[in-house]
Every structure is written in C-alpha cells, then in structure tokens.
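A.B. asks: Protein chains in written order, with the working numbering: chain A, 493 to 851; chain B, 493 to 851. Virtual Cβ for every residue (Gly too), placed ideally from N, Cα, C.
Protein chains: 2
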Amino acid sequence: MNILIDGMGGDNSPVDVIKGAMLAAKQIDETISIIGPKERICTLLAAEGCQADDTADVEALGYVPFTNKDGKAFRVYPASDIITNNEAPAMAVRKHKDSTIVRGISLVKSGEADIFLSAGSTGALLTGSLLILGRIKGVKRPGIATFFPKIGQNDTMLIVDVGASVDPKPEYLLQFGIMGSIFVNLVKGVENPAVMMLNVGAEAEKGDEVHKEAYRLLMDSSLNFLGNVEGRDVPFGPCDVVVTDGFAGNIFLKTAEGVALVIMKTIKQKLTETTAAKLGALLAKNKLYELKSELNYSEEGGAPILGVNGAVLKVHGNSKAEDFCNAILKAVPYVNHNVTRRIAEAILANKELQGAQNE
Amino acid sequence: MNILIDGMGGDNSPVDVIKGAMLAAKQIDETISIIGPKERICTLLAAEGCQADDTADVEALGYVPFTNKDGKAFRVYPASDIITNNEAPAMAVRKHKDSTIVRGISLVKSGEADIFLSAGSTGALLTGSLLILGRIKGVKRPGIATFFPKIGQNDTMLIVDVGASVDPKPEYLLQFGIMGSIFVNLVKGVENPAVMMLNVGAEAEKGDEVHKEAYRLLMDSSLNFLGNVEGRDVPFGPCDVVVTDGFAGNIFLKTAEGVALVIMKTIKQKLTETTAAKLGALLAKNKLYELKSELNYSEEGGAPILGVNGAVLKVHGNSKAEDFCNAILKAVPYVNHNVTRRIAEAILANKELQGAQNE
Numbered sequence: 493m494n495i496l497i498d499g500m501g502g503d504n505s506p507v508d509v510i511k512g513a514m515l516a517a518k519q520i521d522e523t524i525s526i527i528g529p530k531e532r533i534c535t536l537l538a539a540e541g542c543q544a545d546d547t548a549d550v551e552a553l554g555y556v557p558f559t560n561k562d563g564k565a566f567r568v569y570p571a572s573d574i575i576t577n578n579e580a581p582a583m584a585v586r587k588h589k590d591s592t593i594v595r596g597i598s599l600v601k602s603g604e605a606d607i608f609l610s611a612g613s614t615g616a617l618l619t620g621s622l623l624i625l626g627r628i629k630g631v632k633r634p635g636i637a638t639f640f641p642k643i644g645q646n647d648t649m650l651i652v653d654v655g656a657s658v659d660p661k662p663e664y665l666l667q668f669g670i671m672g673s674i675f676v677n678l679v680k681g682v683e684n685p686a687v688m689m690l691n692v693g694a695e696a697e698k699g700d701e702v703h704k705e706a707y708r709l710l711m712d713s714s715l716n717f718l719g720n721v722e723g724r725d726v727p728f729g730p731c732d733v734v735v736t737d738g739f740a741g742n743i744f745l746k747t748a749e750g751v752a753l754v755i756m757k758t759i760k761q762k763l764t765e766t767t768a769a770k771l772g773a774l775l776a777k778n779k780l781y782e783l784k785s786e787l788n789y790s791e792e793g794g795a796p797i798l799g800v801n802g803a804v805l806k807v808h809g810n811s812k813a814e815d816f817c818n819a820i821l822k823a824v825p826y827v828n829h830n831v832t833r834r835i836a837e838a839i840l841a842n843k844e845l846q847g848a849q850n851e
Numbered sequence: 493m494n495i496l497i498d499g500m501g502g503d504n505s506p507v508d509v510i511k512g513a514m515l516a517a518k519q520i521d522e523t524i525s526i527i528g529p530k531e532r533i534c535t536l537l538a539a540e541g542c543q544a545d546d547t548a549d550v551e552a553l554g555y556v557p558f559t560n561k562d563g564k565a566f567r568v569y570p571a572s573d574i575i576t577n578n579e580a581p582a583m584a585v586r587k588h589k590d591s592t593i594v595r596g597i598s599l600v601k602s603g604e605a606d607i608f609l610s611a612g613s614t615g616a617l618l619t620g621s622l623l624i625l626g627r628i629k630g631v632k633r634p635g636i637a638t639f640f641p642k643i644g645q646n647d648t649m650l651i652v653d654v655g656a657s658v659d660p661k662p663e664y665l666l667q668f669g670i671m672g673s674i675f676v677n678l679v680k681g682v683e684n685p686a687v688m689m690l691n692v693g694a695e696a697e698k699g700d701e702v703h704k705e706a707y708r709l710l711m712d713s714s715l716n717f718l719g720n721v722e723g724r725d726v727p728f729g730p731c732d733v734v735v736t737d738g739f740a741g742n743i744f745l746k747t748a749e750g751v752a753l754v755i756m757k758t759i760k761q762k763l764t765e766t767t768a769a770k771l772g773a774l775l776a777k778n779k780l781y782e783l784k785s786e787l788n789y790s791e792e793g794g795a796p797i798l799g800v801n802g803a804v805l806k807v808h809g810n811s812k813a814e815d816f817c818n819a820i821l822k823a824v825p826y827v828n829h830n831v832t833r834r835i836a837e838a839i840l841a842n843k844e845l846q847g848a849q850n851e
C-alpha cells in the first residue's frame, strides 16, 4: 500500500508532516510517501535519519525512494507549487497544476498512490477530487465525513457532511446517510448503524423544506433511521451516523470545538486563581488530563471525502505530528476495506437511488 | 408597567412560574401578571401568601387582582387552554383561541399588557406574534434574539436569529444585524455594536449564495460589520451581535448548550473516580461552581422576538423559578427602552431598507 501525504498542507507543515510520517512508520509497514518541493522534503527526511537510494532512477520512478533505520520505505514525490486557503478552490485547482493537492490527487487517479491525505485547503481538496477523480456513479454530491467523540463512552459517531455541500438537497442528505452507514459499517464494524439527522427539533415536520423532505426519504429508506436530533443532544452520542448538510455540519463541528476550547481554557485559568484551587487541580490532575484528551473535538485522524472515485482524506489544518501520524494510521483500514468500491456497489444496488443513477 | 407571563409554558409550569414571579417582585415594583387557568393560578398565588382583592369586579377588570405581603401587585388573567410543543404552530394558534399564548399576545396588542413572556412553544409564540401583532413596517422577517455568554469576560453577545427564519434571504440577515444592533445599543448601552455573521469560513466568499449576498449587504450597510465568524471562534466572544439564520443559529446555540452540559457532566463524573480527584474537587469547589455558572449557554433571561409590533419574549422551556425571575427582570428595560418603537423608527430611517418598506 502506498499512502501519500501532502507535505505542505496545514499550519505546521512540512516539519510536522515528516515527523508524523516517522511516528506512523513505527506502527505500520506500508510505504509512506510525501509530496512537496523535492529538495526541502528530502532534506527533512535525511534529518530524520532516512537514507535516499542513490542508485534509483528518480526520473523513471517519478519519486525519490528513501529507507529509514528500521528499513521502512518512504518516497518523496516532487510538486513545486502550493494552493493556499485564501484562493478560490475552482480557480486554484485549474491554475496550480503542479501543486501538492492537484498532483497528489492525480497520483490516486493513476493508481500510483492508494490514498491521498492533505491538511491543506478543504475547498481545493474537494474541487480537485471532483475534477480529477470524479463522483462515484449515482452519487449526487460528495460528503466530507468526520468522527466526533461520544464523550464518556469511549466511542465515536460519524458526522457527514461537514463542509462539501452548502446548498443541500434532500437526496444529498439521504446519500450522506447511505455512504456514512457503509463507512461506519466497514471501518468500525457496526452492524446496521443508527442514523439521525441534525435538525432544529426532534419532530418530523421540523426545519426547512429540504430537511422535511430528507426526513421522509430517510424514513422510507432501508437505513436504520431513528429520526431528527437537535444540536443539544448530539454531544451525548445518541447514534452512529449524524446526517447534515455542509453548512450546518460545519457550524455544529466548529461550535463544539470552540466551546470545548473555551471551557478548557477557563478551567485552566480558574484553577490557578486561588491556592486551594491550585492544590485541587494538582490532586485531580490525571482526571483533568483524561477530560482534555476525550474532548478532542477537532477532526480525529482524517475526514474522508465520501462519494468520489478514489480515497482522499482531509486532515485538520492545525494538525501536529501526532495528528498526522494518527491520520496515516487511519488511512490503512480505509484502503484495506476498499471504502470507495463498497460505496459504489451500495449506491448501484440501492433502490432508493435508481433515479439518481440515470443522471 | 404590566408584565404578563404565561403561567402554563415550559416544563416546570405553573409552579416555577409563580415562584419566579414572587422572586422578581422582591426586586421590582411593576405589576406582574400571570395568565392561565384561573382557579389553579389563584390557588398557587394564595399559597405564596398573596391576597386576592375580594371587592374587585373581576368581570369588568378582566383579571383577578392580588397583593403580596409587601404590597406588590399581581394579576391573574384567565385562559383555559394550552398550546403544546407537539402541535403545528399555525394550526394551533388558529384553533386554541383561549390558550395562554393567544390570549397573552392579544393582551399586548390591546395595550393591557406591556410585554408577554412565555416558556411555551416557540413556533406558536412566533406565529401568534405575527398573526396578532404583525410585523413592524419594513421588517421582512422577525428574528429571535438571545444573549450568549462571553466566557471569562463577564459579558454577553447577542445571537439573532436563533429560530424564527429557517429559509433565510440576504435581506433578512441584514435586518437581523440592524435590529440586533439597536437592541444591544438600547439594552446594554453599547455604542456602535460590532456585528459579525456566522459562516463556514472567515473570508467574504464563504458559504452559500444567501450568505455571500448577505455579506455584501452587511458590508455596504452603516452597521459596524467586522465580517464572517466561524463557529469555532464565536464562543470566545469576538463581537456584540452575531447575525445568523434561524437554522444555523439554532444549531449553534443548542450545540454550545449540549457540549457545555456533556463537559460539566463528565467533569463531575471524573472528579469522583479516584480519592485524589475527589479531594481535589473539594478544594477547587468554588472555582468549579464559578465555571458552571458562567457556562449557562441556555438562553439567558428571555429571547425577544425582534421585528413584531409588540414586546414578546421567549423563555427557555426548561426554566426554573430563578430563570423566570431573571426573565421578568430583563423585561423591564426592554419595555422602558421601548425597543419595539425604536426598531420601527430605525427601519423607517434606514436607507438600506427603503426597498423593503414598499412591500
């Protein structure tokens, strides 16, 4: 398996990407490839004790092969350009042909890489995936899926979509439910995952016309659909898959993240304000650390773009080395379970989507 | 001033409504009126030591006058019917003519009451306000506004709309900004309030077409508009007014509430798991209580329906006596500042809304 990661995506690239790749290599035997400016990435790999294969025909291979001290394989794929978060995605993807994102996705398309991970621009990653890989036949709109912790349950639920669709239609929401269920079933082994839809109230007739119609479609589908769920109840983890559109999903995910951050910051501050509180914090230290680690509301591992013809994972923009490592580790089962093909099969087999296939 | 409160709205009515009214009467001299089933409400008032005026002509007055031990005035307005949360609002308002909500809003319309507060169905309260009071001339859509704590800053910001508009248009969002600014200026005394719009990214071109156009309208307006804000940043309190549509606003508010609840629950649980943690919690007790009280993400006081021709405040459905008291206290400046009239004047004077006035 060849896992390809964008060397230049995110706030802490390229250093943390390289360090994350090193950490991941301790746990898996797959080839880990980094795409980015050749000299820069090669220098960083060398600094981590990796050895380039001087006998390799880099021109013919299309990459520089490396080996670390444990004999694990790395590759550096050259890409000289970068797409920034400030660029309009569609324009950027067309303009920056030699960017890490465009070239990275193209390597998945050609089969050279099995999966591409990037902490770069979500919009460019999505647009690039759509333009280069295309949608799976029958899929109307891809959805970005991310795991969200069920606090206190040592478990997660999948939220889909968290940013791909800002102008939702009922059929998109149904398809997010189908793709999310398949993904959770394959990757987590959950049989018949419980699906709910994020809405402004629990009753069937809540929300705008799109959500009312989506409720009917989900209810009539073969999914294990339990109904609507309000933002107040999602954090308690009532189901396996939460269906939402990209706008509301983004608001949900980022609000949860922001509230958790502001609470942890406030706890930290308050517990240093008095001597008694300081002492108390010291005694409760282990439990407070546990809380902090459970409250990781930023995307865990990578967020796959479900519904495109290839494996692409978005990694959180402020990821550090451990986060990149985690994302690389999560990529393995994603490839092994062949999520893309299984979604394609399910969409083809799904009677509710017959209409969509004729597009 | 006659402050009218729905005796039957919310999970803890009527007992907590009455207790809340009693608490509020200790702090203000205004007449506090309760609307609901006459016998039941009168019995509860009597149980709180209030004395009915036996000489009053209840038929002619339309209410039963009471006085408490401190000489504060209360009234009981009779309404035998209740609208539940499970009923479709438009139908319910038309059907239940003698409900607390319909009769309560009608008493504002007639001028008998200066403001109506209810912890009952938001939809019925909104629909009833629209049908009975009507929109302020030029206002396209009312917005429900609620204060949200700026954690650690001992301050709040206003979020508008949190549930009135599920199918937003750009002009609605502009008007929410205008109405919210006026409200914050009048009630909190903030000069030129800083306004931001909840969106999926900070850049101008983020979000769907509605938000892109709303961004342009807000930027071109005379408001102190600082741009878009993401869900992750709102909890840190970057502005005075957050403009959003009712769908995203509801998701934002309820997610914040749910995450705060799940975190407080987890802290409580974790800090009892070991002896050291228990002792630590005991020592840090005061600071942990402070945290809990700051983290009140459920609507504070009451959430006014801005843009209708009269003062109507939605109170949180799970309010307890202190919350009802708080809402009654917040009603006083709302009436004193004549928020409704000031919004009407501002909308009339606002050049950006000239088009809307010709509807």
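What's the gap between the Cα of ARG595 of chain B and the Cα of ASP732 of chain B?
C.D. replies: Computed Cα separation, rounded: 34 Å.
A.B. asks: Thinking GLY723 of chain B and PHE744 of chain B are a contact (beta carbons under 8 Å), I'd like their distance in whole angstroms, please.
C.D. replies: With a Cβ gap of about 6 Å, GLY723 of chain B and PHE744 of chain B count as contacting.
A.B. asks: Smallest Cα separation from ILE624 of chain A: which of A:ASN801, A:VAL679, A:MET514, A:PHE566?
C.D. replies: If we check each option's Cα against that of ILE624 of chain A, A:ASN801 comes out closest.
A.B. asks: Taking the CB atoms as reference points, tell me whether PHE566 of chain A and ILE524 of chain A lie closer together than 8 Å.
C.D. replies: Yes. Within cutoff.
A.B. asks: Where DSSP assigns a beta bridge to PRO557 of chain B, which residues make up the other side?
C.D. replies: Answer is B:ARG567.
A.B. asks: Taking just the CA atoms, how far does ILE636 of chain A sit from MET671 of chain A?
C.D. replies: If you take the alpha carbons of MET671 of chain A and ILE636 of chain A, they lie about 10 Å apart.
A.B. asks: Please go through the same chain and pick out, in chain order, the residues whose beta-carbon is closer than 6 Å to the beta-carbon of SER811 of chain B, but skip the five residues on each side of it.
C.D. replies: If we look at SER811 of chain B and ignore the five residues flanking it on each side, its Cβ neighbours are GLY502, ALA611.
A.B. asks: Among A:ASN577, A:ALA538, A:ILE759, A:ALA823, whose alpha-carbon lies nearest the alpha-carbon of LYS561 of chain A?
C.D. replies: That would be A:ALA538, whose Cα lies nearest to the Cα of LYS561 of chain A.
A.B. asks: Considering only their Cβ atoms, is the gap separating PHE639 of chain A from VAL652 of chain A smaller than 8 Å?
C.D. replies: No.
A.B. asks: Over the uninterrupted alpha helix (DSSP H) stretch that includes ILE743 of chain B, give me the two end residues.
C.D. replies: Run containing ILE743 of chain B: 738-762, per the alpha helix (DSSP H) assignment.
A.B. asks: What residue does the beta strand (DSSP E) around MET688 of chain A start on, and which one ends it?
C.D. replies: That run of the beta strand (DSSP E) goes 686-690.
A.B. asks: How far does the beta strand (DSSP E) with PHE640 of chain B in it extend, from its first residue to its last?
C.D. replies: First-last of the beta strand (DSSP E) with PHE640 of chain B: 635-642.
A.B. asks: Based on Cα-Cα distance, which residue from A:SER713, A:PRO634, A:ALA516, A:ALA694 lies nearest to ALA803 of chain A?
C.D. replies: If we check each option's Cα against that of ALA803 of chain A, A:PRO634 comes out closest.
A.B. asks: For the candidate residues A:GLU701, A:ASN684, A:ALA686, whose alpha-carbon lies nearest to that of VAL692 of chain A?
C.D. replies: Checking every option, the nearest Cα to that of VAL692 of chain A belongs to A:GLU701.
A.B. asks: Please determine, among A:LEU775, A:GLY499, A:LEU515, the residue with the shortest C-alpha to C-alpha distance to ARG532 of chain A.
C.D. replies: Ranking A:LEU775, A:GLY499, A:LEU515 by Cα distance to ARG532 of chain A puts A:GLY499 first.
A.B. asks: Can you name, in chain order, every residue of its own chain whose Cβ lies under 6 Å from the Cβ of ALA686 of chain B, other than the five neighbours on each side?
C.D. replies: Cβ within range, chain order: ASN716, LEU718, CYS731, ASP732.
A.B. asks: With a cut-off of 8 Å, does the C-beta of ASP619 of chain B fall near any C-beta of chain A?
C.D. replies: Here the sequence assigns Thr to residue 619 of chain B, which means Asp is not the residue at that position. With 8 Å as the cut-off, THR619 of chain B does not count as an interface residue toward chain A.
A.B. asks: With a Cβ-Cβ cutoff of 8 Å, do MET689 of chain B and TYR707 of chain B count as a contact?
C.D. replies: A contact, by the Cβ cut-off of 8 Å.
A.B. asks: In the DSSP assignment, find the unbroken alpha helix (DSSP H) run with PHE675 of chain A in it and report its ends.
C.D. replies: Start and end: 662-680.
A.B. asks: Based on the DSSP secondary-structure assignment, which residues constitute the bridge partners of LYS806 of chain B?
C.D. replies: Note: LYS806 of chain B sits in a beta bridge opposite B:SER610, B:ALA795.
A.B. asks: Which one of B:ARG586, B:ASN677, B:TYR781, B:ALA748 has the shortest CA to CA distance from ILE759 of chain B?
C.D. replies: If we check each option's Cα against that of ILE759 of chain B, B:TYR781 comes out closest.
A.B. asks: Specify, as a first and last residue, the run of the beta strand (DSSP E) that ILE526 of chain B falls within.
C.D. replies: Residues 523-528.
A.B. asks: Got a sec? Which residues, its chain only, sit under 8 Å from VAL824 of chain B by beta carbon, not counting five neighbours each side?
C.D. replies: Closer than 8 Å at Cβ, skipping near neighbours: MET493, ILE495, ILE520, GLU522.
A.B. asks: On the DSSP letters alone, give me the boundaries of the alpha helix (DSSP H) that MET500 of chain B sits inside.
C.D. replies: Unbroken run through MET500 of chain B: none, as it is neither H nor E.
A.B. asks: Assign THR767 of chain B to one of two classes, buried (16 or more other C-beta atoms within 10 Å of its C-beta) or exposed (fewer than that).
C.D. replies: Its Cβ having fewer than 16 others within 10 Å, THR767 of chain B is exposed.
A.B. asks: Using a Cβ cut-off of 9 Å, which residues of the segment 722-740 of chain A contact any Cβ in chain B, in chain order?
C.D. replies: From the segment 722-740 of chain A, only GLU722, GLY723, ARG724, ASP725, VAL726, PRO727, PHE728, GLY729, THR736, GLY738, PHE739, ALA740 have a Cβ closer than 9 Å to chain B.
A.B. asks: Determine the direct distance from the alpha carbon of VAL735 of chain A to that of ASP549 of chain A, and round the result to whole angstroms.
C.D. replies: Between ASP549 of chain A and VAL735 of chain A, the C-alpha separation is close to 48 Å.
A.B. asks: Quick one: is ALA516 of chain B near chain A, going by C-beta distance under 8 Å?
C.D. replies: Judged by the 8 Å Cβ criterion, ALA516 of chain B is not in contact with chain A.
A.B. asks: Can you find a CB in chain A that lies within less than 8 Å of the CB of SER602 of chain B?
C.D. replies: For SER602 of chain B, the answer is no, since every Cβ of chain A falls outside 8 Å of its Cβ.
A.B. asks: Under 7 Å Cβ-Cβ, which residues of chain A neighbour PHE744 of chain B?
C.D. replies: Here the neighbours are ILE743, THR747.
A.B. asks: Return no unless some Cβ of chain A is closer than 8 Å to the Cβ of ALA752 of chain B.
C.D. replies: Yes - at least one Cβ of chain A is within 8 Å of the one on ALA752 of chain B.
A.B. asks: Classify MET649 of chain A as helix, strand or coil using the three-state DSSP reduction.
C.D. replies: Three-state result, MET649 of chain A: strand.
A.B. asks: Helix or strand or just coil, what does DSSP make of ILE839 of chain A?
C.D. replies: Correct three-state label for ILE839 of chain A: helix.
A.B. asks: Could you check which residue in B:GLY563, B:ASP590, B:ALA616 has the C-alpha nearest to that of ALA580 of chain B?
C.D. replies: Cα-wise, what sits closest to ALA580 of chain B is B:ALA616.
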